[in-house]
Structures are given as structure tokens and as C-alpha cells.
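Participant:
Residue numbers (this note's numbering): 1 to 113.
1. Alpha carbon to alpha carbon, what distance is there between residue 33 and residue 183?
2. With residue 45 as the anchor, note down where its beta strand (DSSP E) starts and where it stops.
3. Going by the beta-carbon positions, is the gap between residue 50 and residue 56 smaller than 8 angstroms?
4. Using DSSP's beta-bridge definition, name the partner residues of residue 90.
5. Apart from the five residues on each side of it in sequence, which residues of its chain come closer than 7 angstroms, Cβ to Cβ, to residue 99?
6. Quick check on the DSSP output: the beta strand (DSSP E) that includes residue 60 runs from which residue to which?
7. Give me the residue from 86, 12, 58 with the minimum Cα distance to residue 96.
8. Taking the alpha-carbon positions, what's the residue 14 to residue 29 distance?
9. Select from 74, 80, 31 the residue whose C-alpha is nearest the C-alpha of residue 58.
10. Name the DSSP beta bridge partners of residue 72, please?
11. Confirm the yes/no value for this check: CB of residue 47, any heavy atom of the ligand ADP, distance under 7 angstroms.
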């Protein structure tokens, strides 16, 4: 029996998934160039780096295509994060980062579990 894995690309077609990865690679290649500025992004405030099976960001979103403005949520896998320029690139999109959550608060929250 032959299994066709073309239908198992994270809920999208193989072609769409490869295009998404190519877009990510193009964006990462642009980082560090003098005129580099993301053309579109989602704003993420009160953010911190979380852990799933892969690194992700958690915070309150503004301008996300699915998450309502002001609601908390988490991103797809993080591939690039620049604290100085307050930008991050995940598998899905660029993020403009607002205030980072106080690490002391984050550590207190995780020890209460």
C-alpha cells in the first residue's frame, strides 16, 4: 500500500506549504540588510517566549487575521527574533513586538502550578 503524504502538509497543500517556507526563507535572507523593514506585520504586546514542541511567542495580538484584537494567544514556530528592532518572524508572518512581559512575573506564574 502506498501512502500519499502530499495531503499531510499541516492542513494545506504541498505547494502552499512550500510557498510559505520559501517566503520565510526570503524574509530571513533580508534580515540584516540596511533597508530591511517588514512590509506587513501583526502587533504583539505583553509578549514572552513560550515552549510548545517548538519555540513560540505568547502575548496579546492586534491585527492578526484570526485572533481578535486584544486577545491572548500564541504564534506558530519562531524562526527569528530581534529584541533591538522589536521584530520576530514565525512560520506564518512577521510580528512587531510591543512590551516584553516582565520575566520575574513569568517565572512566578510558572512556579505556582
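Where is the CB? At the ideal position from N, CA and C, for every residue including glycine.
Facilitator: According to the structure data:
1. No statement about residue 183 is possible, as the shown extent of the chain runs from 1 to 113 and does not include it.
2. 42-51
3. yes
4. 78
5. 45, 46
6. 55-62
7. 86
8. 22 angstroms
9. 74
10. BP columns for residue 72 point to 60.
11. With respect to small molecules bound, the structure shown includes none, and the ligand ADP cannot be examined in it.
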